[in-house]
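Throughout the sequence shown, residue numbering follows the numbering used here, covering -2 to 286 in sequence. Note sheet for the following structure.
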Amino acid sequence: MLFHTFCHVPSIGEKTERKIWQEGIFNWDDALTDPLFRKILPGNISDRAYSMVARSYEKIENKDIRFFNEKLHSFNRWRIFSHFRSEAVFLDIETSGLNPPNDYITVITLFDGKKIKTYIHGINMKDFIDDIFHYQIIITFNGKCFDLPFIERYFDIKLPHIHFDLRFMLKSMGLSGGLKVCEKSLGIDRGKLKGIDGYMAVLLWQKYLEGCTEALETLIAYNVEDTVNLEKLMVYYYNYRVSGLSFPYLVLEEPRKKIQISSRIYPEVIKEIRYEKLRFFKEREGLIW
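Here it is as structure tokens:
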């Protein structure tokens, strides 16, 4: 989509961009070879626009994603995704609770569309710091409010990455609620992990600390499922926006229906933590004496 984008050029907004497309200038090649491009724009803008389009090719070659991130309005930064997909990673974390510094990160999963890597507290968590800087774009759900601030405090680092937060992106197209609600709206089936939530993830970690390795495996599977499904949501959002711009041929292929997760899911462990969760909330409401 970037090659069809003109609204990153100063003084060209979405309205002018549409006018450019309507005149038959559909991409940067057209703009640089067809004299009509300069005629569409006012004289004081056309030279700068031509120069910016030529410069944009150089930025693409140099993988200067930040250039486009800074030039595009936040509402249009999704256009970056398809061209720089190899520079993007989907991220999700689980924690021991919601109150840092008393609580800490228990599990992190990174998924770049091909490889899944999981980091576990007390085992290989330090490897995350090196691995996350292999990417320029981080994609999360509610990461702006939760995952990224938690990570920066936990590791005492700053993440300079470009960040796409699907919570707010999906909300802009009418899909609101938590991750599981959005997944359900799009027909994503969680299989054996259906019904597990963030609170139950905390209980799984506590159960692991008590010596239940099956609880850790189930927690990892849950975290991986959260992370892998972000790709499906991102592609759905991207295709929705592309189709709205009259470029249906630019839609991305849907991700694989199911990705094999190496960690095993233990239904008996899930049953136990469901009971513990139910008991906790009943006690809090005074239904158990």
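A virtual CB, placed ideally from N, CA and C, is assigned to each residue, including glycine. Computed from a predicted model, the values in this text were never measured in an experiment.
Just measuring C-alpha positions, the residue of Glu11, Asp26, Glu14, Val6 sitting nearest Phe65 is Val6.
Remark: C-beta atoms of Ile62 and Ile135 do not approach each other more closely than 8 Å. One alpha carbon belongs to Arg76, the other to Leu(-1), and they sit about 6 Å apart. A straight-line Cα-Cα distance of about 41 Å links Glu280 and Ile129. Taking the Cα of Gly94 as reference, the smallest distance to any Cα among Tyr233, Thr103, Leu88 is reached at Thr103. Pairing Lys141 with Glu149, the inter-Cα distance amounts to about 11 Å. Apart from sequence neighbours up to five positions away, the residues of its chain that approach Lys60 with a beta-carbon distance below 8 Å are Phe81, Glu84, Gln133, ordered along the chain. For His160, the uninterrupted beta strand (DSSP E) segment begins and ends at 159 to 162.
In the structure shown, the three-state DSSP call for Leu107 is strand.
Ala51 sits exposed, since fewer than 16 C-beta atoms from the chains shown fall within 10 Å of its C-beta.
Unbroken beta strand (DSSP E) runs of no fewer than 3 residues, entirely contained in the region 162 to 230, are not found. DSSP, read as helix, strand or coil, puts Leu249 in coil. Less than 8 Å divides the Cβ of Leu145 from the Cβ of Leu156. In this structure, DSSP gives Glu20 a state outside helix and strand, which the three-state scheme calls coil.
Per DSSP, reduced to three states, the secondary structure at Lys60 is coil, with no helix or strand assignment. Residue state for Asp153 is assigned as coil, using DSSP reduced to three classes.
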